[in-house]
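Visitor:
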Amino acid sequence: MRSLTDSVANLKGVGPKRVADLATLGIDTIEDLLTYYPTRYNDFTPTDIESAKNKQKITLQGVVVSEPLLVRYGYRRNRLTFRMQVGNEVVIATFFNQPYIKKQIELNQQVTVMGKWDAPRHQVTGNKLLKEKADDRNEFGAVYAVNKHIRQNVLQSFIRQAYEEYANIIPTYLPETIRQRYRLMDRRQMIREIHFPQTQATAKAARRTAAYEEFFLFQLRLQAIRRAHRQEDGERILYHNDELKEFIGGLPFELTDAQKRVVNEICRDMRQPYQMNRLLQGDVGSGKTIVAAIAIYAAITAGYQAALMAPTEILAGQHAEKLAKIFEGTHVQVALLTGSLTAKQHRELLTAMKRGDVNLIVGTHALIQDGVEYANLGLVITDEQHRFGVNQRQQLREKGEHPDVLAMTATPIPRTLAITNYGEMDVSIIDQLPAGRKPIQTKWLQSNQHAAAIHFLREQLKQGAQAYVVSPLIEESAALDVQNATDLYNQLSADLEPAYKVGLLHGRMGTEEKDEAMRQFKSGELQVLVATTVIEVGVDNPNATVMVIYDADRFGLAQLHQLRGRVGRGSRQSYCLLIADPKTDEGKARMKTMVATDDGFKIAEQDLKLRGSGDVLGKKQSGMPEFKVGDPVADLKMLQIARADAGNLLGMPNWDQVDENQPLVLYLKRHELETHFD
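Here the sequence shown is numbered in my numbering, starting from 45 and rising by one per residue.
What follows is the structure, given as structure tokens:
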């Protein structure tokens, strides 16, 4: 029995090598192949020669009226020419370095030539020749993203074969009422018209259907997950209210109104009989850690353990150190579990965790390794949650009996998208900085103003400040990143020492070296720390008030904002110097945005305007989903409509018993353990 989950090896002409070739495009199954959508279309509609402009890309359809002439010249270079009758005109068609075309054409054959029009010479320089008759092909041809392993025509032939053999079992996911309401195609028609459109209009309609469908299915999954969490028998965390109030009242500062609001949202969730599943967003320096500490304290007063997972050992160590200070004098025992512990320390800590002798465990992915057991895990917190894969977060949750989950991120996500794209989570936003924080003053300098930057840095150091200096980013090479940092370290050491001590921190240093560099910087032994982007997230030294970023135009806005957020964490005035000579308008706009505002959410909105969703919402950037057709920014209204429609369907009594909805039921079962963080 055929299934869309069949391997592409079931197709004629797809042997082991072709299976491997297709896998390089992420195509393993028939469904993968059918939903490998074109990136654009070639319009084969014939161009009217009389209205064609010189150097315009045109499409000519006509009959070959002369034998093709192949002339070779130079080293492995050649030119093929022939005449073709186009209506009442005779046009010269020229192809460079495509000698194989000579064998493909003959006199009186009808051909279509696409290329650049040379009006004075009445000639088209072709880049594509089609020899089918007009009636045998579409006038609007699909173009796919391919690579060196597989060519356009080969991929197209496999897609056509898959459609012809499997079209009758393609399910339609969208209910008829929705299709009629928005004039959408059924899935079989959509796939046909996306790959083999008759006109530009049908291709556009098919892509509109595909965009809505993937938004709808995405939202259906998220909201089904959310409803499932609400139905799971989570543990009510009946924390001691008076004890919690006493703890909050004993803090050396008052919570901001935003922190109070978020604490109330979290505590309300924790008292419910279902799992909390909440995303906590807060700009850099907004006070997420203290909110997490209050949630931890609430869980521990109710007799539970809490675990906080951070993406790096530096960040885990800082969390443990900060939380130990916050909980000093309380009954909270903080333990740090990372891969750097000795075998004996590791063994002793695991025993203490299993017995319940420690009630707060902070760590890296070591928290989820086999053999790690908890006595009574009630609260799971992940920091910079998008840096963990879905499996890692799920493994941590499975260490307890339906523990509450709080995911924290300082990566700003525009308000309009946070709720829509994290539909399976409740979203809390801390949108207020603690009192007394002064806005960071940001300046943009050209690279020829390096001396001015060093002078400013020296003046600040004289006043007792400390500074980070971030070396240029070389995306292609981690080794070059390290070399850049080392070169800059040597240069600044020559400029500033012996009056001021300069240190170095980069990703290829060992854990002990990194820890020692951070310790020296925090203790004041080092006045300047030269670093790569290893300091981007979470590094905390309140005495650091100057951030200098070299070649700042190589960084995205979100990354620049994270780096700048390493300063401005105390009561002193902080500064950020961006040294850059951007060549593009977008690069200049990024620098201007950084100078104009330090509001992370405004910066995220501007990032969307400058780059669109492809980079900003891509998996690497923020853990958010990538869609094949839809654009969460450009198509935001459609995404919000799909969200509402998915919620309405799930809210209908016995929706999953309706025959028409069975493909959706099967779809949800197939994706039961997946989320949009894959």
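Where is the CB? At the ideal position from N, CA and C, for every residue including glycine.
Quick check on GLN571: buried or exposed, where buried means 16 or more other Cβ atoms within 10 Å of its Cβ?
Guide: In the sequence shown, counting from the first residue as 1, residue 571 sits at position 527. With 16 or more Cβ atoms within 10 Å of its Cβ, GLN571 is classed as buried.
Visitor: Could you check whether ALA410 and THR426 sit closer than 8 Å to each other, using their CB atoms as the reference points?
Guide: Here residue 426 is taken as the residue at index 382 of the sequence shown, counted from 1. Here residue 410 is taken as the residue at index 366 of the sequence shown, counted from 1. In this structure, ALA410 does not lie closer than 8 Å to THR426 by Cβ.
Visitor: Closest by CA to LEU173, which one among PRO164, GLY383, ARG502 and GLN154?
Guide: Mapped onto the sequence shown, residue 173 falls at position 129. With distances taken between Cα atoms, LEU173 lies closest to GLN154.
Visitor: May I have the straight-line CA-CA distance separating THR89 from ASP76, to the nearest angstrom?
Guide: Reading the sequence shown from its first residue, position 45 is the one you call residue 89. Reading the sequence shown from its first residue, position 32 is the one you call residue 76. For THR89 and ASP76, the distance between alpha carbons rounds to 30 Å.
Visitor: Would you call the stretch 618–636 in contact with the stretch 589–604, where contact means no fewer than 3 C-beta pairs closer than 8 Å?
Guide: Touching, yes.
Visitor: What does a CB cutoff of less than 7 Å around GLN564 pick up in its chain, not counting 5 residues either side in sequence?
Guide: Taking the first residue of the sequence shown as 1, we reach residue 564 at position 520. Excluding positions up to five away in sequence, the list reads GLY547 and LEU570.
Visitor: Any contact between the stretch 149–169 and the stretch 65–85? By contact I mean 3 or more CB pairs, one from each, below 8 Å.
Guide: In short, these stretches do not touch, since the Cβ pair count stays below three.
Visitor: Between LEU295 and VAL449, what straight-line distance do the alpha-carbon atoms span, to the nearest angstrom?
Guide: Residue numbering aside, residue 295 sits at position 251 when the sequence shown is read from its first letter. Residue numbering aside, residue 449 sits at position 405 when the sequence shown is read from its first letter. Between LEU295 and VAL449, the C-alpha separation is close to 24 Å.
Visitor: For GLY326 versus ILE474, is the C-beta distance shorter than 8 Å?
Guide: Against the sequence shown, residue 326 aligns to sequence position 282. Against the sequence shown, residue 474 aligns to sequence position 430. Cβ distance < 8 Å, so GLY326 and ILE474 count as in contact.
Visitor: Could you tell me which of PRO355, PRO215, GLU556 and ASN308 sits nearest to GLU704, measuring between CA atoms?
Guide: On the sequence shown, position 660 is the one that residue 704 refers to. When only C-alpha atoms are compared, the closest one is PRO215.
Visitor: Across which residues does DSSP place ILE623 in a beta bridge pair?
Guide: Your numbering for residue 623 matches position 579 in the sequence shown. According to DSSP, which records beta bridges pairwise, ILE623 is partnered with LEU489 and TYR594.
Visitor: Assuming ALA206 and MET229 are in contact, meaning their beta carbons sit under 8 Å apart, how far apart are those beta carbons, in whole angstroms?
Guide: Reading the sequence shown from its first residue, position 162 is the one you call residue 206. Reading the sequence shown from its first residue, position 185 is the one you call residue 229. At roughly 18 Å, the Cβ-Cβ gap does not stay under 8 Å, so ALA206 and MET229 are not in contact.
Visitor: Taking the alpha-carbon positions, what's the LEU323 to TYR348 distance?
Guide: Here residue 323 refers to the residue found at position 279 when the sequence shown is read from its first residue. Here residue 348 refers to the residue found at position 304 when the sequence shown is read from its first residue. So the two alpha carbons sit approximately 21 Å from each other.
Visitor: So, does the stretch 300–315 touch the stretch 334–348, judging by three or more C-beta pairs under 8 Å?
Guide: Counting Cβ pairs under 8 Å, three or more are found: they touch.
Visitor: Is the stretch 353–363 in contact with the stretch 387–394, if contact means three or more CB pairs nearer than 8 Å?
Guide: Too few Cβ pairs lie closer than 8 Å, so no.
Visitor: Take ILE623 as the anchor and find which of ILE647, GLY612 and ARG598 has the nearest alpha-carbon.
Guide: Numbered from 1 along the sequence shown, position 579 holds the residue referred to as residue 623. Nearest C-alpha to ILE623: ARG598.
Visitor: In the structure shown, what three-state DSSP assignment does THR356 receive?
Guide: In the sequence shown, the residue the question calls residue 356 occupies position 312. Correct three-state label for THR356: coil.
Visitor: Mind pulling the alpha helix (DSSP H) runs of 4 or more residues that sit fully within the stretch 199–244?
Guide: Correct list: 220–226 and 231–239.
Visitor: If you draw a straight line from the C-alpha of VAL135 to the C-alpha of ARG62, how long is it?
Guide: Numbered from its first residue, the sequence shown carries residue 135 at position 91. Numbered from its first residue, the sequence shown carries residue 62 at position 18. Approximately 40 Å between the Cα atoms of the pair.
Visitor: Where are the beta strand (DSSP E) runs, 3 residues long or more, that stay fully inside the stretch 633–716, in chain order?
Guide: List check, beta strand (DSSP E) in window: nothing returned.
Visitor: Using 8 Å for Cβ pairs, my map puts ILE647 next to PRO456. What's the rounded Cβ distance?
Guide: In the sequence shown, the residue the question calls residue 647 occupies position 603. In the sequence shown, the residue the question calls residue 456 occupies position 412. Confirmed, about 6 Å.
Visitor: Label TYR210 either buried or exposed according to how many other C-beta atoms from any shown protein chain fall within 10 Å of its C-beta, with 16 as the threshold for buried.
Guide: Locating residue 210 in the sequence shown gives position 166, where the first residue counts as 1. Per the 10 Å Cβ criterion, buried.
Visitor: If distances are taken between C-alpha atoms only, which option among PHE371, ALA690, TYR144 and ASN132 comes closest to THR125?
Guide: Counted from its first residue, the sequence shown places residue 125 at position 81. The shortest C-alpha separation from THR125 is found at TYR144.
Visitor: Where does GLU133 fall in DSSP's three states?
Guide: Position 89 of the sequence shown holds residue 133. Looking at GLU133 - three-state DSSP - the assignment turns out to be strand.
Visitor: Which term fits ARG165, buried or exposed, when burial requires 16 or more other beta carbons within 10 angstroms of its beta carbon?
Guide: Numbered from its first residue, the sequence shown carries residue 165 at position 121. With fewer than 16 Cβ atoms within 10 Å of its Cβ, ARG165 is classed as exposed.
Visitor: For the alpha helix (DSSP H) that ALA496 lies in, which residues bound it at each end?
Guide: By 1-based counting over the sequence shown, the position of residue 496 is 452. It spans 494–506 - the alpha helix (DSSP H) in which ALA496 sits, taken as one unbroken run.
Visitor: Per DSSP, what are the beta-bridge partners of PHE140 in this structure?
Guide: Working through the sequence shown from its first residue, we reach residue 140 at position 96. BP columns for PHE140 point to ARG123.
Visitor: Which complete alpha helix (DSSP H) runs does the stretch 530–593 hold, if anything under 4 residues is left out?
Guide: You should have 555–567.
Visitor: Report the three-state DSSP secondary structure of MET128 (helix, strand or coil).
Guide: Reading the sequence shown from its first residue, position 84 is the one you call residue 128. Looking at MET128 - three-state DSSP - the assignment turns out to be strand.
Visitor: Might you give, ordered along the chain, the residues of its own chain that have their beta carbon closer than 8 Å to the beta carbon of THR374, omitting 5 neighbours on each side?
Guide: Looking up residue 374 in the sequence shown gives position 330. Result list for THR374: PHE291 and TYR341, in chain order.
Visitor: Quick check: the Cα distance between SER110 and THR138, rounded to an integer number of angstroms?
Guide: Translated into the one-based positions of the sequence shown, residue 110 becomes position 66. Translated into the one-based positions of the sequence shown, residue 138 becomes position 94. Their Cα atoms are separated by approximately 13 Å.
Visitor: In this structure, how does DSSP classify LEU421 when only helix, strand and coil are distinguished?
Guide: As a position in the sequence shown, residue 421 is number 377, starting the count at 1. Three-state DSSP puts LEU421 in a strand.
Visitor: With a 10 Å radius around its C-beta and 16 neighbouring C-beta atoms as the bar for buried, classify GLY57 as buried or exposed.
Guide: If you number the sequence shown from 1, residue 57 lands on position 13. So GLY57 counts as exposed.
Visitor: On the DSSP bridge assignment, give the partners of ILE474 in chain order.
Guide: Residue mapping note: residue 474 aligns to position 430 of the sequence shown, counting from 1. Bridge partners of ILE474: GLY326.
Visitor: Helix or strand or just coil, what does DSSP make of SER51?
Guide: The residue given as residue 51 occupies position 7 in the sequence shown. Strand, per DSSP.
Visitor: Just confirm the distance between the C-beta atoms of TYR512 and ILE579, as a whole number of angstroms; I'd bet it's less than 8 Å.
Guide: Indexing the sequence shown from 1 puts residue 512 at position 468. Indexing the sequence shown from 1 puts residue 579 at position 535. That pair is a contact at about 6 Å.
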